[in-house]
Every structure is written in C-alpha cells, then in structure tokens.
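Chains as they are written, first to last, in the working numbering: chain F, 1 to 496; chain L, 1001 to 1311.
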C-alpha cells in the first residue's frame, strides 16, 4: 500500500467562474428547452442579454420604477393599488421563505399577518389607551410574531408535509375564530370577560405611523414606507438566500431525509424558516393596520391566504423575482376586474395571448380566430331573426370593442339563468378541449371560445367580486398542472 | 344532572357525527390511496346538498311536494351520490392526475385551488344566499312529528333517524365493497403499495377513479342527510364541514376507514357537547385545539398505527 498514494489523481479544482450546481436540480436537463429556444432570432438575442444582467440589477430597476409611481401619477387610487401590491409582495416574500425555500406548506400564514395587524392595533390605538411610538411598536410586533411562528412550528416540526399543512390550517382557523369572538374573553372562565379584539367590530381609530414627533399622514408617505420596508426585506431575504442557511433550506425542500443525513440541523432550519416568514408577515400587518386605521378578522381568512398562494405560485415559488411579478400581476388583475370596461379588455387580451402561445402553427391560429369570428356573426344573425330577445342587451365595454361585440356575441335581455347554464357548459367544454388532440382540439376550440365570450359578457362581468376569486382558483389549478415552476422559476427535474 | 340537555346534545352530536363520518370516509379513502389531502372534498359535499335541493324544487318545492316522501328521498340520494361521484372523478381526472409524480406540495395547492374554484363557481351559479330544504314543511310537518321520544322528553325526529340509519347502511355497504369485491381488494392493495399493485397487474388508474367516485358519492349523500336535518344549504357550507370531517379523518387515523367513522362521531359529539356545556362561540376553537393536541401528541390518530418511514 506504500506507493498507492502517488496513484491517486490530484483532486480537480473547480474553475472559479463555473457556477455551483444547485442541489436536487439537474441544470443541464432543466435548461435544455431554454437553451434550444435561446439564440433564435431577435427574441433570443434579447433573452441572452437579459440573462447576463445580475439579479440585483432587476431588483434595482424595480425599485426605481416603483419609486417613480407617485411622481408619475397623483391619482390616489393608483397609488393605493400600488401600496396594496407592495403589501402583497411582502406577504408573498415571507411565504416564499417557508414554502418556496424550505418547502413547508404553511396554511396558517395569514394568521401571522393578522397577528401583526392586531398587535399594532392594540399597542397604538385608543382600544387600551396605548399610543406607543411606531419605532417601539413595530419591533415589538415583529419579534412577537416571529416568536409566535416559532411556537407554532415547535410542536409541528416532527410532522411530515401534510400534517404540517393540517396543523397550520387549523392554527389559522383558530386565530380567525378567536379574534372574531374576542369581544368577551375570560381567562379559562375564571376572570370576568374582557373585550380583547373587538370581535366582529374590529379595532378602529388606529394611530398612523409616527416617529420623532412626526407622523405619516399622506398616502404617498405610506407608499414610500411600504416600498422602503419591502426593499429592506427583499435585501434581507436575498442575502439569506445566498447564504449557507438559504442553501440548507433548499436542500431541505428537495429531500429532508438526505439533508438530515448530511448533518443539517433540519428541525432548527424549519423553525427558523417559520419564524422568519412569520416576522415578515407581522411586519406587513403593521403597515396594513396603520394605513387602514381599522382591522377586522375577515381580512385574515382563507381567501387572503389563497390569493397570496396564487401570487407565489404564479411567479414561481422559490424565486424572488417571481414574488414581485406574481404579486404585481395578480393584484393588478384583481383590481382591474373591478371595473367592467377594463376587465373586458383584459379578458380578451388574455384569451388572445393564450391562443398565440398555445395554438401553433400560426395557420391553425388564423383558422381558429376566423372560425370563431364567423361562428359569432352567424349565430348573431340567426338569433336576430329567430330569437330577437337574444340580441337586445348591451356589452359592458364601449368604444370599438363594444360596437364589435354588439354584432358578434349574443346578449339576451335577461341573461342570468342562461348565463349560469352557459357557465357550467363552458367549464365542461374547457375540460373536454384539454382531452382532445390535433385538429379535433382546434375544431372544438371554436365553439368553446365563443361560449367563453358569451359567458363573460352575460354573467361573469356582472359579478366582478366572484369572478375575481374564480380566477384565483383557476390560476392555482392551471399553473400547478401546466407550469408548476411559475413564470420565472426554474424547472425542477427529479433525479432518480 | 340535566338529562334533557345531555340527551339533546347526544342526539345532535350523533347526527352531526354521522354526516362528518360520511365525509371523512372519502377523505380517508383518497388519502389512503393517493396520499393526497383532497381539500375539495368538502365542496363535493356542498354540491351534493345543492343537488338534493334542486330535486326538491323540481318536485314542487317543500310546501307542495308532488311525490311520496320516500320516493323523493330515494331520488335525492341517488342523484346527489351520482353528481358527487362524477364531480369527484372529474376533479381527479383534470386536476390531480397529472400531478401524481410531482412534489407533494403541488397537488395540495391544486386541491386548495379546486376548492376555491368550486365554492366561488357555486356562488356565481347558485347565488350566495342560504337555501332551505325546509323538511319541516314536507307533508305538513309529519316527518318531524313522527319518530320517538327519549326519556325526559327529548324528541328524535324521523329525519334524524333517516340520516343516522342511512349513514350506517352506506358504511356497511362500503365495508362490504372494500372487503368482499374484486375492486375493493384492488383498492386495499393499491393503498398498501401503489407500485407493487401496478406490477401485479392492477389497473391503478381505474382503482383511483373508483376510489374518487365512491368517496365523493358518500360526500354527496352526506350533503342530502345534512340538508334533511339541518335544512340550510349555501355555497360555502363545504369549507366548514370539510374542516370538521377532515379533523374526524385525522383523529381516527387518516387512511383508516373504521377510524374515520369513530373520528366523525367523536368530533360530532365534541362539537355539540362543547356548544351545550362550554361555549357556543368558541366550540370551533375548542375542536381545533383538540385536533392540534391530537396531531402533536399522536400524529397517527387515535386508531392509526405509527408509520415508520423507510428509506
């Protein structure tokens, strides 16, 4: 054995420039399609140039664009939507740590958001006569929320994936129930009942952000405060992502057992991820409470949770750019859906974009579009002759699109019942189209598209608040099936 | 001791428990085979309840039924079970099937999306308002006045008896199916080890479809029984009931069918007794707290065996 040392080849040193392979991701396979797409035509050139820009460059560009929003517009509504979007970005950022990095399905996440909001409300409002300075309240609330996240994770750390989801879901429900009924809480029935959370009336008259004798009173001020907090949180998460802890979280996500065998402190990593995510949610809650000046339990229930999940999934769990993009797209679309005129443009734009992406080659696309248009005009002509009541309604949108639609889509005078039937048919038709292949699918697409336009004009447009939530559900289902990595996330390939 | 209160809560708890058990069975069956928490299951129950309501409307509404009550009940049950079953099969086919090999988190999020979609689509189509089966009005209220009296004057109405007996009959049928038929055997094999079952020539896809159909049909029946006793149906009823059934499945040891029944009863009784004896506003909170305690102390449930993770 004496001479064997010289037989061992020297350990090859890794070239400094080569990026380290990510754990659990086969880079080459995962990027195969991307590489094939790259380099063809102008799109390829642009894409390649964008790939070269370092990630923080994008965040900086986003920060500059976001900071310019109040300069560009003085429209209070737009800035308000911008503020809400920033809040959602913060929420999605925190959830990204728990779900995207550590791979723990936390279904009680909005409870931390609510805890932060209620924490701020209790410490800075006439409710208990406390009017602490914001500089004191925010750190206290953030630390308290982190501790709460830690405590929730503490008993659940041994639970495997699904069980963690259950326990956190019930924690979220517990939070909402307790807060909703918290107007007469006694300590285990021994003391007289105290009004702790205001119950269904919430906590009103919350103080605005104030520090050093000044206070934030304008919407612009809150917008910049939210932006500053978001950028700080983004920077923190970015740095953690690049650190040893960030890599450990991702290895936990890919394979907890293997990570444990590699000597990673799995339990501690889970607790830290939970606490970190909860702290960001708590911080967001303080902003929410301060601007709205009132908090109610209903704001922290399941719909909010699902919306934040939709944002995270749309952008791509585990990707910081995805968080920004997802929150922006989902929140702005949900806002746009409130105004029927705008929503119609978005609806047809979305349909057109889906068709362009999904129907190839372009000859088929042209055939489908022409076919749908022809079907519509034919149906309209037949209906005008045979069923005059079927064409009497008015489209919700005016202008060119509206006058086009008036001669194309059937608009019955009383669309409720027929619209409901058509909605159910539309859902079935869309499901059916996904099972078809080739020319049969293209053929089936024509009446389905027309049906979609009919349902939209006659039913969905009348109920924007329900339509928004239906849309969120659809986003979750479709994305998980078609593109689980989201818009900007990297595809994960299981290596066996 | 106040026997009246005790017996009232006991009857309410058993009735609720029967409904929860039926829903919990579907949760448990699906989990046993796919290891998937089907959050949309509660909404299948809601759809079943609405199908029953639709049948009542078709037959002239609660005040002026045009058919015999037993015929009506049979039609309601069959339609609700068929509708529930088909809905379950569609959910499996279009939302979950492609995700079987995906990381565990993907089907869970999809299930949340399906649940959210069904609730809001139901609100769009059926309206957000509460509808009522109004079984008090059927045939001049004769349904509720018949039945029997327990000691200390607690009356058990026929609808409650129908719900509990119907649930028991369905559970016996399910047990027979799972124990004695070929498909039942295939289901047990698949839930034991899906890959090995596929290698033994079991058509796993068919077994999964059958599981979704049966589990969802039971949820549809639960919707009708619930409407019969508690009258009200509304689009968001599935979420709350789904949560309770889910707790029942977990308490009984998820994936374990007798456990689901026991769990349903335990949760039904716990809920009604905490309403009666402790606090009506916090009964939810109490049930959730009990669940979290069970999960943390005995993660495999009361009747479940601890699973050993093999590598």
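Each residue gets a CB set at the ideal place from its N, CA and C atoms; glycine is no exception.
Everything numeric in this text was worked out from a predicted model, so none of it was measured.
So the candidates are the options; which of them puts its Cα closest to the Cα of residue i?
i	options	result
residue 1184/L	1202/L, 1167/L and 1168/L	1202/L
residue 178/F	340/F, 111/F and 140/F	111/F
residue 1234/L	1046/L, 1007/L and 1009/L	1046/L
residue 212/F	132/F, 277/F and 248/F	132/F
residue 147/F	481/F, 274/F, 433/F and 436/F	274/F
residue 1258/L	1050/L, 1179/L, 1002/L and 1043/L	1179/L
residue 1271/L	1004/L, 1002/L and 1011/L	1011/L
residue 1016/L	1244/L, 1249/L and 1292/L	1244/L
residue 319/F	237/F, 405/F and 391/F	237/F
residue 1210/L	1174/L, 1051/L and 1002/L	1174/L
residue 1103/L	289/F, 255/F, 396/F and 299/F	255/F
residue 305/F	53/F, 99/F and 342/F	99/F
residue 1002/L	1083/L, 1048/L and 1153/L	1153/L
residue 476/F	1105/L, 1196/L, 1075/L and 1009/L	1105/L
Opposite residue i in the DSSP bridges: which residues?
i	result
residue 1131/L	1233/L
residue 194/F	185/F
residue 295/F	203/F
residue 215/F	210/F
residue 1149/L	1155/L
residue 131/F	124/F
Whose Cβ in chain F lies nearer than 7 Å to the Cβ of residue i?
i	result
residue 1098/L	481
residue 1333/L	Since the first residue of chain L shown is 1001 and the last is 1311, residue 1333/L is not available in this structure.
residue 1251/L	Per Cβ cutoff of 7 Å: no residues; residue 1251/L is ~11 Å from chain F at best.
residue 1291/L	170
Could you check how far apart the C-beta atoms of residue i and residue j are, in whole angstroms? I think they sit under 8 Å.
i	j	result
residue 1022/L	residue 1198/L	About 30 Å separates the two Cβ atoms, so there is no contact after all.
residue 233/F	residue 93/F	6 Å
residue 479/F	residue 473/F	Rounded, the Cβ-Cβ distance is 11 Å, inconsistent with contact.
residue 1260/L	residue 1268/L	Not a contact, Cβ separation roughly 12 Å.
residue 266/F	residue 259/F	6 Å
residue 327/F	residue 227/F	At roughly 13 Å, the Cβ-Cβ gap does not stay under 8 Å, so residue 327/F and residue 227/F are not in contact.
residue 428/F	residue 458/F	Not confirmed; about 17 Å, so no contact.
residue 393/F	residue 413/F	6 Å
residue 109/F	residue 1295/L	At roughly 18 Å, the Cβ-Cβ gap does not stay under 8 Å, so residue 109/F and residue 1295/L are not in contact.
residue 282/F	residue 142/F	5 Å
residue 1263/L	residue 1248/L	4 Å
residue 315/F	residue 323/F	5 Å
residue 278/F	residue 149/F	3 Å
residue 1109/L	residue 309/F	6 Å
residue 230/F	residue 117/F	So it is not a contact: roughly 17 Å between Cβ atoms.
Indicate whether residue i and residue j have their beta-carbon atoms separated by less than 8 Å.
i	j	result
residue 1288/L	residue 174/F	yes
residue 1225/L	residue 1092/L	no
residue 466/F	residue 1124/L	yes
residue 1138/L	residue 1065/L	yes
residue 113/F	residue 91/F	yes
residue 1013/L	residue 1282/L	no
residue 83/F	residue 269/F	no
residue 1133/L	residue 1227/L	yes
residue 345/F	residue 397/F	yes
residue 105/F	residue 165/F	yes
residue 1157/L	residue 1166/L	no
residue 1126/L	residue 1177/L	no
residue 368/F	residue 442/F	yes
For a contact meaning CB atoms closer than 7 Å, what does residue i contact in chain L?
i	result
residue 276/F	Correct list: empty, because the minimum Cβ distance to chain L is about 18 Å.
residue 484/F	1102 and 1106
residue 470/F	1117, 1120, 1121 and 1124
residue 463/F	1124
residue 309/F	1109 and 1112
residue 420/F	1125
List, in order along the chain, the chain L residues whose C-beta lies closer than 9 Å to that of residue i?
i	result
residue 201/F	Those within 9 Å of residue 201/F in chain L number zero; the least Cβ separation is about 15 Å.
residue 473/F	1112, 1113, 1114, 1115, 1116, 1117, 1118, 1119, 1120 and 1121
residue 506/F	Past the boundaries of the shown model lies residue 506/F; chain F is included only from 1 to 496, so the question cannot be answered.
residue 306/F	1112, 1113, 1115 and 1116
residue 105/F	1104, 1105, 1108 and 1109
residue 351/F	The contacting residues do not exist; residue 351/F stays about 18 Å from chain L at best.
residue 466/F	1120, 1121, 1123, 1124 and 1128
residue 431/F	1090, 1093 and 1094
Who are the neighbours of residue i on chain F, taking C-beta pairs under 9 Å?
i	result
residue 1095/L	477, 480 and 481
residue 1285/L	173, 174, 177, 178 and 181
residue 1288/L	170, 171, 173, 174 and 177
For a contact defined as C-beta to C-beta under 8 Å, what are the partners of residue i on chain L?
i	result
residue 423/F	1121, 1124 and 1125
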